[in-house]
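Undergrad:
Number of protein chains: 2
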Amino acid sequence: MAHKPREPARASRPATLKTVAEALGLSISTVSRALQDDASVTARTRAKVMEVAEKLGYRRDLRGVNLRTGKTFTLCAVLVAPPSQEFGDPAAMHLIQGLITGVEGTDFKIVIRPIETAEQRFEAVKEVAANNRFDGLVLDHTEPQDAAVLYLLEKNIKFVTFGRTELFSEHPYLDIDNEDAAFVATKHLVDHGHERIAMIDPPANYLFCRQRMRGYRRALEEGGLPFDKSLIAEIGIGARRVRERVAQMLQPKARPTGFVTSNEVATLGAISAGRMLPPEEFSKLQFVSRDGTNLFDYFEPPVSSCYYSLLDAGEFLAGSLVKAVEGTPISALQTIERVTFIER
Amino acid sequence: MAHKPREPARASRPATLKTVAEALGLSISTVSRALQDDASVTARTRAKVMEVAEKLGYRRDLRGVNLRTGKTFTLCAVLVAPPSQEFGDPAAMHLIQGLITGVEGTDFKIVIRPIETAEQRFEAVKEVAANNRFDGLVLDHTEPQDAAVLYLLEKNIKFVTFGRTELFSEHPYLDIDNEDAAFVATKHLVDHGHERIAMIDPPANYLFCRQRMRGYRRALEEGGLPFDKSLIAEIGIGARRVRERVAQMLQPKARPTGFVTSNEVATLGAISAGRMLPPEEFSKLQFVSRDGTNLFDYFEPPVSSCYYSLLDAGEFLAGSLVKAVEGTPISALQTIERVTFIER
DNA sequence: CTCTCGAATACAAACGTTTGCATTCAATGT
DNA sequence: ACATTGAATGCAAACGTTTGTATTCGAGAG
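From first to last, the protein sequence lines stand for chains A and B.
When the letters of the first sequence are read in order and numbered with the working numbering, they come out as residues 176 to 519.
When the letters of the second sequence are read in order and numbered with the working numbering, they come out as residues 176 to 519.
1. Hey, would you say B:Pro319 sits closer than 7 Å to B:Leu364, going by beta carbons?
2. Would you please verify whether the beta carbon of B:Arg416 is less than 7 Å from any beta carbon of chain A?
3. So, with DSSP's three-state summary, where would you put B:Arg308?
4. Please name the residue in A:Thr468, A:Ser437, A:Pro476 whose C-alpha comes closest to that of B:Met451.
5. At least one CB of chain A closer than 7 Å to the CB of B:Ser437: is that the case?
6. If B:Asn307 and B:Gly245 are in contact, beta carbons under 8 Å, what's the gap, nearest whole angstrom?
7. Name the residue from A:Arg519, A:Ile517, A:Val500 whose alpha carbon lies nearest to the alpha carbon of A:Phe128.
8. Using a Cβ-Cβ cutoff of 9 Å, what residues of the region 264-288 of chain B are near chain A? List them in chain order.
9. Bridge partners of A:Glu512, per DSSP?
10. Span of the beta strand (DSSP E) holding B:Ser480?
11. Would you say A:Met176 faces chain B, with C-beta separation under 7 Å as the test?
12. Is the distance from the Cβ of B:Ser480 to the Cβ of B:Phe471 below 7 Å?
13. Tell me the rounded alpha-carbon separation between B:Glu329 and B:Thr205.
14. Helix, strand or coil, according to DSSP, for B:Leu143 in the structure here?
15. Tell whether a beta-carbon distance below 7 Å holds between A:Gly413 and A:Glu229.
16. In terms of residue numbering, what span does the beta strand (DSSP E) encompassing A:Met388 cover?
17. With DSSP collapsed to three states, give me the class of B:Ile332.
18. By the DSSP assignment, the alpha helix (DSSP H) with B:Thr217 in it spans what residues?
19. Classify B:Lys459 as buried or exposed, calling it buried when 16 or more other Cβ atoms lie within 10 Å of its own Cβ.
20. When you compare the CB of A:Thr468 with every CB in chain B, is at least one pair closer than 7 Å?
21. Does the beta-carbon of B:Lys193 have 16 or more other beta-carbons within 10 angstroms, so that it is buried, or is it exposed?
22. Does the distance from the CB of B:Ser447 to the CB of B:Arg465 come in under 7 Å?
23. Could you name the residues of the region 208-240 of chain A whose beta carbon sits closer than 9 Å to any beta carbon of chain B, in the order they occur along the chain?
24. Output, in chain order, the set of chain B residues within a Cβ distance shorter than 9 Å of A:Leu256.
25. Please list the residues of the region 436-460 of chain A that have a C-beta atom closer than 8 Å to any C-beta atom in chain B, keeping them in chain order.
26. For A:Glu439, write down the residues that DSSP places opposite it in a beta bridge.
27. Sorted by chain position, which residues of the same chain lie with C-beta nearer than 8 Å to B:Asn241's C-beta, five sequence neighbours on each side aside?
28. Which same chain residues, not among the five before or five after A:Leu237, have their C-beta less than 6 Å away from its C-beta?
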């Protein structure tokens, strides 16, 4: 004697197109079109539909849209993060917070996918692209000929990158003027009389490192300082690696006294290496970093930095991706921002 | 003369239940049941179905499941984070990384929702619960009578908390033995001869702060030190607030020399306040913190800490939530972990 | 040989939406 | 007055899955 729950159940369930249509004596399709601002429906009916939909608390069910159109309303950010054995990256955290606020107020949500190596990155992108669970991707740490970007272009999947590429095909990006940032940082050290200035950066396969290198060399040149390859440290992401490498550089003979670093984590590693020196030696060292969060406000020794808010960057990236997914042309989604120098 | 794409299009599209069913001459429902290990289908057919599904590269399309069953395969973590004007929280970052690895290998994905205040937290939970876009929630920073938890229990929505509550109704949680952690930290300072030991914690409406307070007081008692209310700083989350508050505490008369802090961010704030003192005074200060990441390995002055990996915590929480969503009973999903003391 | 019964499988509806096409209807042109 | 047009709306299929119920089939009982 099982009885099927009918009207009572229906009553408590959220309003659907059907509900609204029935309430108006219209067909589902008309209601759907009305809510989409479709031209084929009268302004009068649209108004009525809007009103009733509102009254009934109708909210478009993304599940249905998803099944019908394939749109998932979910984005994915594949982000390079330091090895997880180390502490969490404050900069990455801010980027993520920014990404999240960037989708706030839209129907989109964003899933974060931290990875550690370049291979993992490509794998992740392929995997993410394969199962159609995302409408678009955010990528950081671009390379000049970025395989992942190439792959996404080929598969015609929407994405935006944090950092340019040197690919012929255009794509949306946000980039920092890294050359300028490195130039300003290096110049600051030159102006403070440092003669041996080290450049602590990830490997040059990342485009932003090449850009930075150019700025670094230009500042040296303008300051009349020679370029010395032994002052260049190309090290992977992560504080530990930086610490180890910088510790090596600090041998007494020809020790660098100025350090240009690419982010908070690397700076922390470099400083912590420097602290192995006797205090009077350590106090001669000076660090200037890129900076995307305000961590250096809490640092000792004070670290001047080239700041561009990663909160803003993330928000902008996510916003751009939403636009890209919704069809905004690429040319409108390419931006380069300059850093502001903060002296500490 | 538009011609509809037919077989060619179909061919390139991913395999569905229908594809598999047709390939086998079976019905869709049988295939579906076979793949679900339903008892009503023969082992023989199941094997065949499995084989063909494999060969055709069939992967269950979550969109269909979603529409049919309502399962979204998406979780949401509503996490309290420091005000975003400040730097990104390394601990939160690690928790997030952990949460993400916790869903790796499952069909679930997890969406992070950072919030700053208790009201925002409740709002976020209500909103998240309202639009049925998530199968379950992770909550941190629980309160003894947690309104959000109560709400979720009432709505019968699955969730797990990082931190216990004092509610009568049981729910899944992971908690740290916070009393023990604070006890160990305080005792360490007592043993080092500090007589004025400050407790720097978020407000006592958080349960973990109450637990910590108990440990703090016990250690004082055992050390024969009086409890002094003026040594207790109840301040909201965020380095800036901590810095300001601790700066006030550092007035010459009755200055605390030992500091028990609850996390990396607060410690950074406290230390940075301490640095306003003359170096010889600053060097008398000692800090002991809770620690969920390994940031203190890079700190000066050295900070001993009570460590429990937030990476592990996140992974465990996400794993528990997946289990909870899939029907594991609550009692199997309640854990309390102890910290390990790291002397630096 | 028929009937019953249980096991195995098939049918069909439902989830909520979008959209190509068909239908209706009134207005316009001849 | 009738064919033609265009605008407004409705119909129905489709997206991929799950699941209650119906159907088929073969075996065993009578």
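Ideal placement from N, C-alpha and C gives every residue a C-beta, glycine not left out.
All values derive from a computational prediction rather than experimental measurement.
TA: Reading it off the structure:
1. Their beta carbons are not under 7 Å apart, which means B:Pro319 does not touch B:Leu364 by this criterion.
2. no
3. coil
4. A:Pro476
5. no
6. 7 Å
7. Residue numbering for chain A in the displayed model covers 176 to 519; residue 128 of chain A lies beyond these limits and cannot be assessed.
8. Within the region 264-288 of chain B, the residues whose Cβ lies closer than 9 Å to some Cβ of chain A are Asp264, Pro265, Ala266, Ala267, Met268, His269, Leu270, Ile271, Gln272, Gly273, Ile275, Thr276, Lys284, Ile285, Val286, Ile287, Arg288, listed in chain order.
9. Its beta-bridge partners are A:Ile351.
10. 479-482
11. Below a pLDDT of 50, predicted positions are generally treated as unreliable, and A:Met176, at 30, falls in that range; no measurement from the model is reported.
12. yes
13. 37 Å
14. Outside the modelled stretch of chain B, which goes from 176 to 519, sits residue 143 of chain B, for which no answer is possible.
15. no
16. Segment 382-397 is the alpha helix (DSSP H) holding A:Met388; no beta strand (DSSP E) there.
17. coil
18. DSSP places B:Thr217 outside any alpha helix (DSSP H), giving it a letter other than H or E.
19. With fewer than 16 other Cβ atoms within 10 Å, it is exposed.
20. yes
21. exposed
22. no
23. Arg234, Asp236, Leu237, Arg238, Gly239
24. Checking the sequence, you will find Ala at residue 256 of chain A rather than Leu. Per Cβ cutoff of 9 Å: Met268, Gln272.
25. Glu439, Leu443, Gly444, Ile446, Ser447, Arg450
26. Note: A:Glu439 sits in no beta bridge, so no partner.
27. Non-local beta-carbon contacts of B:Asn241 in its own chain, meaning distances under 8 Å to residues more than five positions away in sequence, involve Thr247, Phe248 in chain order.
28. Phe248
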